[in-house]
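In full-length UniProt numbering, the protein residues as written are 1 to 937.
The beta-carbon is built from N, C-alpha and C at its ideal position, and this holds for glycine as well.
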Ligand SMILES: *[C@@H]1O[C@H](CO)[C@@H](O)[C@H](O)[C@H]1NC(C)=O
Ligand SMILES: *[C@@H]1O[C@H](CO)[C@@H](O)[C@H](O)[C@H]1NC(C)=O
Ligand SMILES: *[C@@H]1O[C@H](CO)[C@@H](O)[C@H](O)[C@H]1NC(C)=O
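Right, dumping it as structure tokens:
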């Protein structure tokens, strides 16, 4: 009978059942008592000993998860850490999440007992009462939001740095249907990501099993802060009683589903096989549920005769719970075909879907989602990470806004470590840039995912009674590079002496963003594949009006040619793709020009050099997951035999020979102002080959200017990726190549390296290997009496040797630009604000190292302007705009062997509404002297 009081507080349905339950329970108990008192043997047809427990169980089958009715009367949070002092955050500009994410309150937030107690005006009484132990935090007028909530993470399960013993705990390969597995069971508490993600404002993550299975297992919600107990269990937020024991109203559970390519690949099946696996599993769960319901209908009427045991099966228990509507089904699912399949499944077996994750085609089929059982699923997506496999090929940056326009809930997610969840807010910023309304963009990483997790009664909002998970930001949260100045989880400040960068004034208000209505419409019209090929202007003369600044590339990097004072209007006249005049309208525009010219109003915009992408296989592949869309793999001379026809190890591959033009990522890069790319042959081992510099906007290799420089540099990589022989073996091979070049193709090019004609570009992360390369460079230079041009790329640990790298005259392409300890050899990162004052980039620049920015995956090429702007912000005033632009343009070319002095015809990119360093601008044209034309985009 003890359980009764607890069940009292269930949702609405419980009231109706309560009376019945008391009546039945009392009758059952009396029966049991009277039987045993008379000392009679237990009659099979009468109520069993545990009858009341069974009846309670039967009644509870109908309860839906909900917080206890007295939840907001809690005196402190169940996650309260004793000893935590109350906190008053003063002078905040608070995005509360209320009113559809439109409510902003200026004032304070009072945290106590792990709970937000008061918001806005903090009462005198409170202040007086807590005066003695109150910790005050002055937000100085800054923006404050609820903690970031990540609806899709593998943090802890796919932990970083990746080590075989502890990183692969997110995918079981033991079958397509594994609803009995729990992500909690693999949660590594030593993942380096916890601290880093907290530093990005992430407070809560749903840790899901991987996507190798149709049903991968149960997901668990954790808060990221360290706990005194140090255990995975102590990280859990409202864990289900089925898992951790205890009782009360049922709590939400989570079940990972995955359709399409991943489970089909792992189990060598097809989409048809995966669907059957689901239907078989759900049919089994439904059988058990029906048997339970039949059993209960008799048990509740006390018809025990021949009833036997309550039917249940520990393996299928969680899937039965799914059919009872107590489990949030989180479904990894990309294409229209997959979404349609799962919606059919949900209707056949009558269970709702909480969210479709990845869902790259959801924006094309909103009506399919609206047909799902119960309610339309939310859609959890990346902002611009697409095209890595067929399923993701039609992904669109406009999906968030289109989904919102269709009244579907939008969540931005990390899939950590696929994207580093430290920058989950960046996903929301991009969604906002491409048209998701401000209120929904902030909600997409706070209140919306909190609701989809079933936890919005305590996280995702800044309201009295909610958990004290609060982030103070150094700028408007949707401004590029927004960084926490403090993060509270359960009322506990997470950052010790955080480093705060002062952001420009314009970063403190809602960022201006361009209009992309036309592009968003085209995305739907063309089913995700709108034409991207650039078109040239019809006129020979183009007049750019309202130009605020002009930057041009030169031998000494980027120079500022023009900067207009506020209120003045400047023009740039371009004739046949060449700048003819820069200045005031009256001095540049004759009557004839005025008549002939096509005018493009830049609305206070800017001209700057085309950016240059490096680091991904851009130009060598359309879809990474599809070998038939790529140049393909190359032989590694350090590994198994290279075919004889290639002269065994004599061969050296030219990336130029594998170029594929017109890929969507190339064209999107071009349309985002990244007009060139330098790509090396796709390297999985030691020697890569010869890089090439090419135009991202060209249609084919024979077009004028399609290849900018046939051979740029010799690329190798040294490290542990690809399972190559030891680092020392790789160094030995490189030493041999440079000191004793063989008489062969590879020898010919390594001689050019030692003569200093072309650079040697080495991909490397570990500081130890970088140190060895510095010594090797000296050794070779001494032996050959010539200066060797060396550039290192990757370089997660280069900041540790900044002075030595500068002294050795080695250039650095930092890649990834924002560091992450993905593997052991890249673990000693300099994380940057708020964890450290300096970033790796700023440190290298301070030592006068020539620095360029790289990207890792080709979809990211389009975001290079954001990367440049972000790096400049974090350099905190130590570099000017021209130097910042050089990081993504002239420096990259110089470091990778492009002869910038012979490049007499650099392209300029016209941005409307701002310059390259803010998120307000939009690329509208590319001026190409080489082609003698202007492309309008
Ligand atoms: C919430 O905000 C969005 C975007 O600003 C708007 O389209 C939608 O109608 C709002 N919903 C409600 C219920 O007010
Ligand atoms: C995380 O940060 C805390 C201090 O904020 C520190 O004590 C702890 O060692 C850090 N953990 C890791 C793995 O860096
Ligand atoms: C970097 O260059 C500047 C300007 O040439 C010079 O003043 C400064 O001392 C140099 N810094 C280092 C660490 O060499």
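- Cβ neighbours of residue 298 within its own chain (closer than 8 Å, five residues either side excluded): 304 and 307.
- Bounds of any beta strand (DSSP E) do not take in residue 130; it lies within the alpha helix (DSSP H) bounded by 124-130.
- By the CB criterion at 9 Å, residue 211 and residue 285 fall outside the cutoff.
- Runs of the alpha helix (DSSP H) lying entirely within the stretch 377-455 and spanning at least 4 residues, in chain order: 399-405, 424-433, 438-443 and 447-452.
- The three-state secondary structure of residue 227, taken from DSSP, is coil.
- Closest in alpha carbon position to residue 896, among 874, 929, 791 and 796, is 791.
- Using a Cβ distance threshold of 9 Å, residue 260 and residue 333 count as a contacting pair.
- The beta-carbon separation of residue 913 and residue 484, rounded to 28 Å, does not stay under the 8 Å limit for a contact.
- Within the DSSP secondary-structure output, residue 103 pairs in no beta bridge.
- In this structure, the C-beta of residue 152 stays at least 8 Å away from each heavy atom of ligand 2.
- Here DSSP, grouped into helix, strand and coil, assigns residue 371 to coil.
- Counting only heavy atoms of ligand 3, the residues whose C-beta sits closer than 6 Å to one of them are, along the chain, 847 and 848.
- DSSP places residue 800 within a helical segment (H, G or I) once states are collapsed to three.
- In the three-state scheme derived from DSSP, where H, G and I count as helix and E and B as strand, residue 488 is classed as strand.
- Between the alpha carbons of residue 281 and residue 177 lies a gap of roughly 7 Å.
- Your pair residue 154 and residue 221 does not check out as a contact, with CB atoms roughly 13 Å apart and the cut at 8 Å.
- The C-alpha of residue 144 lies about 28 Å from the C-alpha of residue 189.
- Relative to the non-hydrogen atoms of ligand 1, the Cβ of residue 404 comes within a distance shorter than 8 Å of at least one.
- In this structure, ligand 2 has no non-hydrogen atom nearer than 8 Å to the beta-carbon of residue 661.
- Inside the stretch 695-729, DSSP marks no whole alpha helix (DSSP H) run of 4 or more residues.
- Remark: the shortest separation between the CB of residue 709 and any heavy atom of ligand 2 does not fall under 8 Å.
- Beta-bridge partners assigned by DSSP to residue 467: 115.
- Between the stretch 853-863 and the stretch 718-727, the count of C-beta pairs closer than 8 Å stays below three; the two stretches do not touch.
- For residue 279, the secondary structure class from DSSP, reduced to helix, strand or coil, is helix.
- The alpha-carbon separation between residue 233 and residue 490 amounts to approximately 16 Å.
- The DSSP-derived three-state label of residue 659 is coil.
- Under DSSP, residue 535 takes part in a beta bridge, and its partners are 936.
- Distances from the CA of residue 740 to each of 780, 770, 370 and 710 were compared; the closest alpha carbon is that of 780.
- The beta carbon of residue 643 sits closer than 8 Å to those of 635, all from its chain and outside the five residues before and after it, given in chain order.
- A buried status is given to residue 482, since no fewer than 16 other beta-carbon atoms sit within 10 Å of its beta-carbon.
- A distance below 9 Å separates the beta carbons of residue 754 and residue 786.
- The three-state secondary structure of residue 136, taken from DSSP, is strand.
- Distance between residue 480 and residue 63, taken at the CA atoms: about 44 Å.
- At a cut-off of 3 residues, the continuous stretches assigned as beta strand (DSSP E) that sit fully inside the stretch 162-216 are 202-207.
- Cβ neighbours of residue 801 within its own chain (closer than 8 Å, five residues either side excluded): 767, 770, 771 and 774.
- DSSP links residue 887 through a beta bridge to no other residue.
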